[in-house]
Amino acid sequence: MTTATTSAQQTVDELVDRLLADHPPADMPAQQFLGEQFDRGLAWVHFPVGLGGLGLSPSLHQRVVGRLIAGGAPSAMLRNVIGYGMVAPTLVVHGTDYQKQRYLRPLFTAEEVWCQLFSEPGAGSDVASLATRAVRDGDEWIVNGQKVWTTLAHVAAFGLLIARTDPDQPKHKGITAFLADMHAPGVEVRPLYQMTGEAEFNEIFFTDARIPDVERLGAVGEGWGVSVTTLMNERVSIGGNVARRGQGPIGEAVRLYQEHWSGDRSAHALALRDRLMAQWVRSEATRLTNQRASDLRGLGTPGPEGSVAKLAFAEQNKLTYELCVDLMGAEGMLHSSDYPRVRPRLAGLTTTDVHKAFLRARANSIEGGTSEVMRNILGERVLGLPGEPRADKDVPWKDVPRS
Ligand SMILES: Cc1cc2nc3c(=O)[nH]c(=O)nc-3n(C[C@H](O)[C@H](O)[C@H](O)COP(=O)(O)OP(=O)(O)OC[C@H]3O[C@@H](n4cnc5c(N)ncnc54)[C@H](O)[C@@H]3O)c2cc1C
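Residue numbers (the working numbering): 1 to 403.
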């Protein structure tokens, strides 16, 4: 470790200690604490000064987060998962000065929750084929179309939208990104219920919704580059969300084994123990893969390692919760809740209910890019295997057949 690294670490450690001493998190509302954290450059230390950062190395970010959480600070990530993990890193790279000043602070404090308006009924894995149209009208854009699977849109103040602005260009080239006001006239949010009983996500209908041109993110026609920044950060955000050694889902599996099978020498119990051991080893490999991805992330913008980590996390989570339910025996078949039809304020696996976690984990290999698509990225960009055939790559979007 270089002297400069040690000194940067000391600087952030002192700043964190001072923040916790000046503003004990237990004595103040979470929003107020997060505002102080932002103003002192401890929101994302690698962001510029004045925008929630200190212009330091991204490798210090997790150190700050870890120390603050250990000190009882509220989690900005949990309160605004899409805003914090995906929109903010995109805004800081592609936003205008006005956009960065206007949006980053209330995003961090979760006064303004964000959603991601990418997927459409006909464009998920191949999101670049999207059909929502934005047409320029003076200083505004008029948006028409449908988005789907939009997590937390029902609580969001704003959404990061990608829309087609030039159908004569090939699919990747005619897209533009916008910061959409979710409460503007012409924006309708309808719930979609998942098998957990909750509606974390929604479908969104844009009908002649107007977006001022100052809310365009990046240049006209450059929306694909903006989306790639978001998607790479999304994978790191999902895949990087891994518990410490022996904790999280695998810790739950060990607890359930001890509760239901400890001391049992039957063939069934021994077979379950074999599965538990195999899962433990995979869990450790996943944790270390994520650690490596996180260290590489510390060197700059996330690359394919984020997709590898996301793939490992998704598959591992599903297998571990399957094992948890099996370890519960007959009880595993009973869902303890009554599938309440609610629209939660938080998304993802924030539950300690094993039955619900088992159901929610099924989505891990779909959200943020499916496992098949992650394997394609791994094959092409990590292993250097030949790419998939891309027949529509240079064809104007309007001429590509659609179902
Ligand atoms: C819980 C959850 C939350 C979500 N939140 C959001 C959100 O907030 N915002 C948002 O924009 N989207 C969101 N999504 C959507 C998500 O990004 C898409 O579901 C995902 O990208 C897959 O797209 P699709 O559902 O259209 O499936 P499709 O793309 O139609 O894929 C169908 C099947 O075909 C496979 N497939 C597709 N293309 C290939 C290929 N090239 N090679 C091999 N196999 C392939 C897929 O792996 C999949 O098994 C969310 C999804 C879930 C489950």
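Ideal Cβ placement from N, Cα and C applies to all residues, glycine included.
- The closest heavy atom of ligand 1 lies 7 Å or more from the beta carbon of Q146.
- P29 has no beta-bridge partner at all, per DSSP.
- For A88 against C115, the beta-carbon gap comes to about 13 Å, at or over 8 Å, which does not count as contact.
- Cβ-Cβ separation between L51 and L104: approximately 5 Å, consistent with a contact (criterion under 8 Å).
- When only Cα atoms are considered, D166 and N233 end up about 26 Å apart.
- Here T289 is buried, its C-beta having at least 16 other C-beta atoms within 10 Å.
- Not one heavy atom of ligand 1 lies closer than 7 Å to the C-beta of Q62.
- Using a Cβ distance threshold of 8 Å, V45 and T229 do not count as a contacting pair.
- Sequence-distant Cβ neighbours of Y257 in its own chain, meaning closer than 8 Å and more than five residues away, are L272, R273, L276 and L327.
- Nearest neighbour of S283 by Cα position, chosen from L323, S266 and A269, turns out to be L323.
- Under the DSSP definition of a beta bridge, V143 partners with A134 and A209.
- DSSP places A180 in the uninterrupted beta strand (DSSP E) bounded by I175 to D181.
- Beta-carbon to beta-carbon, A177 and V226 are separated by about 4 Å, close enough to satisfy the 8 Å threshold.
- I69 has its CB no nearer than 7 Å to any heavy atom of ligand 1.
- Note on geometry: alpha-carbon atoms of I175 and V220 lie some 7 Å from one another.
- In this structure, the beta-carbon distance from P25 to G72 falls below 8 Å.
- Counting the other CB atoms within 10 Å of its CB gives I69 a total below 16, which places it among the exposed residues.
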